[in-house]
Amino acid sequence: APALARQTAAVRVSAGAAGSQTLSTTMSVSRRVLTGLMPALLAAAALSEPLEKGIIYVQPSYHYSNTLSLNIDVLKHDLEAISAGGFSNLGLRVSFGELITHWDAATSTPTYDEGKCAALGAIAEAVTAKGIKLIFNTHLLDTVPQGIDGAYFVEGGGPDVFNVSGGDGKGVWRSRYKDVMVRDSYAEPMKLFHVKFASCFKATPTAPRFWKHSFESCYIFPANVPAGQDGADSVSEATAKFGHWAQDTNPSLQHWRERWGESALASFANVTLPTGKTMNKAKNGDFWRFWLLGVLKDGKYGLSIGDIHQALNEGAGTAYAPELAFKHWKPNNFLSTSDFTHAEVVSAFDLPINATALGYYINDPQDLAQEPGKFSNYISSVKKVAPPELPIIVWETGGSTFNLTLAEQAEWAGLMLSKVQSHGLRGFNWWQWVDWAPYPSSPCNPSVSVTQCDLFHFGAHFLNGTAKPVWKVLVGGGAPEIGHDL
88 APALARQTAA VRVSAGAAGS QTLSTTMSVS RRVLTGLMPA LLAAAALSEP LEKGIIYVQP
148 SYHYSNTLSL NIDVLKHDLE AISAGGFSNL GLRVSFGELI THWDAATSTP TYDEGKCAAL
208 GAIAEAVTAK GIKLIFNTHL LDTVPQGIDG AYFVEGGGPD VFNVSGGDGK GVWRSRYKDV
268 MVRDSYAEPM KLFHVKFASC FKATPTAPRF WKHSFESCYI FPANVPAGQD GADSVSEATA
328 KFGHWAQDTN PSLQHWRERW GESALASFAN VTLPTGKTMN KAKNGDFWRF WLLGVLKDGK
388 YGLSIGDIHQ ALNEGAGTAY APELAFKHWK PNNFLSTSDF THAEVVSAFD LPINATALGY
448 YINDPQDLAQ EPGKFSNYIS SVKKVAPPEL PIIVWETGGS TFNLTLAEQA EWAGLMLSKV
508 QSHGLRGFNW WQWVDWAPYP SSPCNPSVSV TQCDLFHFGA HFLNGTAKPV WKVLVGGGAP
568 EIGHDL
């Protein structure tokens with residue numbers, strides 16, 4: 088069963104305009120054929136394959152937006168403990184602007200940072216030597232190439248809540264746009280980013296395990312768009328293309344006036360995104376039809392997940408077959424806030440990918456008190472809509488010891504592991520290896536951002552490298568003995 092599913096999911100596509108559609112169609116047909124067999128096959132597979140344990144890797148001295156600046160000697164040292172702990176996957180977060188430093192819009196020419204590609208190769212060699220594979224959290228908005236449409240510079244130690252400028256003090260380029268997946272000026276450079284990314288592993292083809300994209304960088308949430316002109320500009324292309332989608336779907340303005348309760352809608356050029364605390368459920372559902380189906384699935388209005396998979400395949404050439412995972416928003420969020428149907432959620436999850444990814448965190452005792460039931464319900468809700476033959480991975484999970492005690496963090500790890508195993512999931516990735524050091528220019532201030540404070544304390548190790556009690560749970564040593572909370 089695992090080999091059959093992987094063979095189906097790793098369908099390779101040739102370059103060309105029809106590549107994404109061919110991949111999607113081929114996989115959908117295969118899924119329909121396999122669906123009736125999958126429950127029994129996957130139950131057997133879950134028993135026959137070992138749990139894939141992963142750790143999202145960071146070092147205290149850098150932020151995830153300059154991952155490829157990590158110290159390779161420190162990595163090699165840490166890999167000894169990671170390998171001894173039975174971990175099979177090491178997670179890195181790599182962003183758009185790390186591999187493409189400049190974009191010449193006039194000539195559509197990228198400038199690649201070959202040093203970062205070489206760094207990926209060195210990391211691949213180090214993990215391969217320990218029998219570990221690489222997984223990638225791939226983000227499109229952490230950093231962008233200088234010169235790309237809408238790019239602006241953030242000084243080192245800038246005010247960004249995630250301190251995205253990192254610890255190097257040099258700052259980064261970011262985009263003022265939130266809708267890059269539908270922005271025509273971003274389509275080609277984002278494809279080339281994935282081509283280059285995959286090509287960096289031609290010499291180490293056994294190192295990559297998965298690339299992963301997620302709703303954090305592939306969606307926009309209209310309700311979260313800032314008010315004012317800057318906010319409108321940040322999603323202007325999405326707004327215009329939502330109007331195009333509406334006109335393509337039904338050319339009658341009266342239809343949309345009645346459906347959305349907008350009697351004054353004068354033209355399709357005046358269509359807006361659904362906003363407000365009490366959004367029209369029909370309009371919100373239509374937005375997700377446009378974004379999840381028209382963009383991410385079909386690629387009619389922007390860059391699709393199939394386009395990304397095709398770009399990875401192009402970069403890998405004949406050396407290996409890249410695998411891609413995707414993390415959607417929780418299924419019940421669509422169903423409860425819109426008229427998006429269960430069948431449409433199933434269609435949205437049916438992407439040309441190799442694994443369905445989940446994300447789940449516990450950051451305070453109140454959340455922990457609801458576990459493991461709430462986590463189990465989340466898994467069940469995804470299993471109802473995800474392609475049944477694809478493995479499901481808890482791509483990222485963790486608990487910050489900013490508000491949790493060490494015992495509570497370890498307790499969450501144990502509860503998480505029990506549900507991953509009882510639900511027959513393929514594996515999990517713990518966020519993260521070690522705590523981050525607050526940068527002097529960006530100290531933790533919970534009155535400003537609890538999120539920022541949480542980010543510094545997710546590690547399975549303290550800043551000095553000492554293991555927290557959760558590490559014993561993750562490596563399989565059972566419940567920790569804790570005399571006091573450090």
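Here the sequence shown is numbered in our numbering, starting from 88 and rising by one per residue. Glycine residues also receive a C-beta, built at the ideal position from the N, C-alpha and C atoms. The structure displayed is predicted, hence computed values, not measured ones.
Taking residue i and residue j to be in contact with their CB atoms under 8 Å, please state how far apart those CB atoms are, rounded to whole angstroms.
{"i": "Leu155", "j": "Lys203", "result": "4 Å"}
{"i": "Val259", "j": "Thr291", "result": "Actually they are not in contact, since the Cβ atoms of Val259 and Thr291 sit about 27 Å apart, beyond 8 Å."}
{"i": "Ile143", "j": "Glu483", "result": "6 Å"}
{"i": "Asn176", "j": "Glu139", "result": "6 Å"}
{"i": "Ser304", "j": "Leu379", "result": "15 Å between Cβ atoms; not a contact."}
{"i": "Val472", "j": "Phe436", "result": "5 Å"}
Apart from the five residues on each side of it in sequence, which residues of its chain come closer than 7 Å, Cβ to Cβ, to residue i?
{"i": "Gly348", "result": "Asn367"}
{"i": "Pro147", "result": "Val521, Asp522, Trp523, Ala524, Leu550"}
{"i": "His281", "result": "Ile395, Ala398, Leu399, Gly402"}
{"i": "Trp332", "result": "Phe377, Gly381, Tyr388"}
{"i": "Ser101", "result": "In this prediction, Ser101 has a pLDDT of 33, which is less than 50 and means its spatial position is unreliable; what the coordinates show is noted afterwards. Same-chain partners within the cutoff: there are none."}
{"i": "Lys217", "result": "Leu166, Ser170"}
Quick one: Cα of residue i to Cα of residue j, how far?
{"i": "Phe240", "j": "Ser505", "result": "45 Å"}
{"i": "Ile569", "j": "His300", "result": "Below a pLDDT of 50, predicted positions are generally treated as unreliable, and Ile569, at 39, falls in that range; the measurement from the model is reported next regardless. Each residue's Cα considered, the two are about 37 Å apart."}
{"i": "Trp558", "j": "Trp499", "result": "12 Å"}
{"i": "Gln233", "j": "Ser262", "result": "9 Å"}
{"i": "Val562", "j": "Ile466", "result": "23 Å"}
{"i": "Lys384", "j": "Ser391", "result": "6 Å"}
{"i": "Asn490", "j": "Trp517", "result": "18 Å"}
{"i": "Gln316", "j": "Ser195", "result": "29 Å"}
{"i": "Phe515", "j": "Phe421", "result": "24 Å"}
{"i": "Ile169", "j": "Lys470", "result": "30 Å"}
{"i": "Val120", "j": "His164", "result": "At Val120, the pLDDT of 40 sits below 50, so the modelled position is not reliable and the matter cannot be decided from this model."}
{"i": "Thr553", "j": "Phe302", "result": "34 Å"}
{"i": "Tyr407", "j": "Ile222", "result": "15 Å"}
{"i": "Ala285", "j": "Ala547", "result": "29 Å"}
Considering only the alpha carbon of each residue, which of the options lies closest to residue i?
{"i": "Asp451", "options": "Val181, Phe545, Thr405", "result": "Phe545"}
{"i": "Asn224", "options": "Ser487, Asn337, Phe413, Cys531", "result": "Phe413"}
{"i": "Asp191", "options": "Tyr273, Leu542, Ile480", "result": "Tyr273"}
{"i": "Met277", "options": "Gly511, Gly218, Leu399", "result": "Leu399"}
{"i": "Gly485", "options": "Ala408, Val560, Pro409, Ala319", "result": "Val560"}
{"i": "Pro137", "options": "Ile235, Val145, Phe174, Ala351", "result": "Phe174"}
{"i": "Thr362", "options": "Arg344, Gln334, Ala319, Ala333", "result": "Ala319"}
{"i": "Glu495", "options": "Arg346, Leu542, Phe543, Pro556", "result": "Pro556"}
{"i": "Pro475", "options": "Leu493, Thr553, Leu512, Thr488", "result": "Leu512"}
{"i": "Asn419", "options": "Val432, Ala408, Tyr407", "result": "Val432"}
{"i": "Thr405", "options": "Arg346, Phe288, His510, Gly386", "result": "Phe288"}
{"i": "Gly178", "options": "Ala294, Asn311, Ser350", "result": "Ala294"}
{"i": "Pro309", "options": "Gly386, Thr359, Asn337, Pro338", "result": "Thr359"}
Once the 5 residues before and after residue i are set aside, which same chain residues still bring their CB inside 8 Å of it?
{"i": "Phe462", "result": "Tyr447, Leu502, Met503, Lys506"}
{"i": "Lys283", "result": "Leu186, Ile187, Pro197, Tyr199, Cys204, Gly402"}
{"i": "Thr424", "result": "Met366, Lys368, Asn371"}
{"i": "His189", "result": "Pro197, Thr198, Pro232, Gln233, Gly234"}
{"i": "Gln94", "result": "Reliability fails at Gln94, whose pLDDT of 37 lies under 50, so the model's placement of it is uncertain and the value that follows must be treated cautiously. If we look at Gln94 and ignore the five residues flanking it on each side, it has no Cβ neighbours."}
Please go through the same chain and pick out, in chain order, the residues whose beta-carbon is closer than 6 Å to the beta-carbon of residue i, but skip the five residues on each side of it.
{"i": "Asp577", "result": "Residue 577 cannot be examined here, being either before or after the span of the chain that is shown, 88 to 573."}
{"i": "Lys328", "result": "Val269, Tyr388"}
{"i": "Phe374", "result": "Pro361"}
{"i": "Glu458", "result": "Leu502"}
{"i": "Gln334", "result": "Phe355"}
Tell me whether residue i is buried or exposed, calling it buried when 16 or more other Cβ atoms sit within 10 Å of its Cβ.
{"i": "Ala456", "result": "exposed"}
{"i": "Ile210", "result": "buried"}
{"i": "Val145", "result": "buried"}
{"i": "Glu410", "result": "buried"}
{"i": "Pro530", "result": "exposed"}
{"i": "Val116", "result": "At Val116 the pLDDT is 41, less than 50, meaning the model places this residue with poor confidence; the figure from the coordinates comes in the next sentence. Per the 10 Å Cβ criterion, exposed."}
{"i": "Ala193", "result": "exposed"}
{"i": "Gln539", "result": "buried"}
{"i": "His226", "result": "buried"}
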